[in-house]
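Asker: Residue numbers (this note's numbering): 9 to 255.
Glycine residues also receive a C-beta, built at the ideal position from the N, C-alpha and C atoms.
All values derive from a computational prediction rather than experimental measurement.
My questions will all concern the structure given below.
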Amino acid sequence: MNLIGVFTAIGCILLTMVLEGTHPGIMINLPAFSVVVGASFSACIVQFAFKEVLSALKHLTWIIAPPRFNLFAQAELLSSMSTTARQQGLLALENQVGSASDDFTRTGIQMIVDGVDKDSLSALLQNAIDIEQQKLEPNAKFYESMGGYSPTMGIIGAVLGLIHAMSLLDRPDLLGPSIAVAFVATIYGLVLANIICIPVSNRIRSINAQIALYKYMTMEGLVSICAGENTMMLKRRISVFTGQQAD
Numbered sequence: 009m010n011l012i013g014v015f016t017a018i019g020c021i022l023l024t025m026v027l028e029g030t031h032p033g034i035m036i037n038l039p040a041f042s043v044v045v046g047a048s049f050s051a052c053i054v055q056f057a058f059k060e061v062l063s064a065l066k067h068l069t070w071i072i073a074p075p076r077f078n079l080f081a082q083a084e085l086l087s088s089m090s091t092t093a094r095q096q097g098l099l100a101l102e103n104q105v106g107s108a109s110d111d112f113t114r115t116g117i118q119m120i121v122d123g124v125d126k127d128s129l130s131a132l133l134q135n136a137i138d139i140e141q142q143k144l145e146p147n148a149k150f151y152e153s154m155g156g157y158s159p160t161m162g163i164i165g166a167v168l169g170l171i172h173a174m175s176l177l178d179r180p181d182l183l184g185p186s187i188a189v190a191f192v193a194t195i196y197g198l199v200l201a202n203i204i205c206i207p208v209s210n211r212i213r214s215i216n217a218q219i220a221l222y223k224y225m226t227m228e229g230l231v232s233i234c235a236g237e238n239t240m241m242l243k244r245r246i247s248v249f250t251g252q253q254a255d
């Protein structure tokens, strides 16, 4: 659904050009694309470490296929583990490690089985969440920065185009089209920033928040199990994350 928004926005721009009598083909300009996209990306390479650049490119796939987190299924799993722990003891949870859908939950269950106390468990899981969020933030920051650079690169492209246009003052038939092409770089910069890069940055941050929410709920449930609280108390703790009232 995210790509639909991008295509719709670009389509609206092209439709406006057609309605105003401008041929959309004028927007196809390789030099403008090179200076805006290439220079903006290069500026980000200067700002970010190479591994952060690779990570940001890898996480671009989240726009098409974001990770899925089922809070309700996780709540059911935590409730089931709470019941098992109350009836059979914490060691019985070792049999449910494989039923967890993510490494964070499996690690938490294993720590409970290994006898980690609830305070240490809470601190360790909290630390894991914080570190993961710190590692994920540069992915969003990369596209946010690229969105900040691209309008300026568009202006640079426009100035370069105008410099070329000024060399055609003795040829009025070519001067007008050259000036029009010069401003294509400005459009590229604004489109790249406001339709692609900044929205992508915000989308990645939104997914990061979903990841944190899922893991905070999991942490609350695991700490409740480790503390020996009854299943109803666990449901009350995690109901604030799912939005459902505990029965």
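Under the assumption that L230 contacts F249 (Cβ atoms under 8 Å), give the Cβ distance between them as a whole number of angstroms.
Answerer: With a Cβ gap of about 13 Å, L230 and F249 do not count as contacting.
Asker: With the cut-off set at 7 Å, would you say I21 and V208 are in Cβ contact?
Answerer: Not in contact: I21 and V208 (Cβ atoms no closer than 7 Å).
Asker: Please report how far the alpha carbon of L176 lies from the alpha carbon of L182, in whole angstroms.
Answerer: Approximately 7 Å, taken between the alpha carbons.
Asker: Less than 6 Å between C-beta atoms, sequence neighbours within five positions excluded: which residues of the same chain meet that for Y151?
Answerer: Cβ within range, chain order: C205, V208, S209.
Asker: Considering only the alpha carbon of each residue, which of S63, S128, S186 lies closest to I171?
Answerer: When only C-alpha atoms are compared, the closest one is S186.
Asker: Can you round the beta-carbon distance between V7 and A193 to whole angstroms, since I take them to be within the 8 Å contact cut?
Answerer: No information on residue 7 is available, as it lies outside the stretch 9 to 255 that the chain covers here.
Asker: Helix or strand or just coil, what does DSSP make of L176?
Answerer: Coil, per DSSP.
Asker: Comparing alpha-carbon positions, which option in P74, R76, A73, Q104 lies nearest S87?
Answerer: Checked all of P74, R76, A73, Q104; the closest Cα to S87 is Q104.
Asker: Tell me which same chain residues have a C-beta within less than 6 Å of the C-beta of R213, skipping the five on either side of it?
Answerer: Contacts found: A148.
Asker: Am I right that G197 and M154 are in contact with their C-beta atoms under 8 Å? What's the rounded C-beta distance?
Answerer: In fact, because the Cβ distance is near 11 Å, the residues do not count as touching under 8 Å.
Asker: Based on Cα-Cα distance, which residue from G156, G33, I137, I215 lies nearest to V189?
Answerer: Per the Cα distances, G33.
Asker: Would you kindly report the start and end of the unbroken alpha helix (DSSP H) that includes C52?
Answerer: 47–55 is the extent of the alpha helix (DSSP H) around C52.
Asker: Compute the beta-carbon to beta-carbon distance between T92 and L101, rounded to the nearest angstrom, for a pair I have assumed lies under 8 Å.
Answerer: Indeed they touch by this definition, with Cβ atoms about 6 Å apart.
Asker: Buried or exposed: which applies to N238, given that a residue is buried once 16 or more other Cβ atoms fall within 10 Å of its Cβ?
Answerer: Its Cβ having fewer than 16 others within 10 Å, N238 is exposed.
Asker: Is it the case that the Cβ atoms of I137 and K59 are separated by a distance below 7 Å?
Answerer: No, the pair does not count as a contact, with Cβ atoms beyond the cut-off.
Asker: Is it the case that the Cβ atoms of L133 and G106 are separated by a distance below 7 Å?
Answerer: No, the Cβ-Cβ distance between L133 and G106 is not below 7 Å.
Asker: Please state the DSSP three-state secondary structure of V248.
Answerer: Helix, per DSSP.
Asker: Out of curiosity, what's the CA-to-CA distance linking S247 and E145?
Answerer: Going by the C-alpha atoms only, they are around 27 Å apart.
Asker: How many Å lie between V14 and L27 at the Cα?
Answerer: Roughly 20 Å separates the two Cα atoms.
Asker: For L200 and E228, I'd like the C-alpha separation in whole angstroms.
Answerer: So the alpha carbons of these two residues sit roughly 41 Å apart.
Asker: Label K243 either buried or exposed according to how many other C-beta atoms from any shown protein chain fall within 10 Å of its C-beta, with 16 as the threshold for buried.
Answerer: Answer is buried; the Cβ neighbour count reaches 16.
Asker: Tell me which residues share the same chain as M9 and place their Cβ nearer than 8 Å to its Cβ, disregarding the 5 neighbours each side in the sequence.
Answerer: Only weak support is given to the placement of M9: the predicted model assigns it a pLDDT of 49, under 50, and the value that follows is read from those uncertain coordinates. The answer is none, since no qualifying residue turns up.
Asker: With 16 as the cutoff for other CB atoms within 10 Å, does I195 come out buried or exposed?
Answerer: Buried, because 16 or more other Cβ atoms sit within 10 Å of the Cβ of I195.
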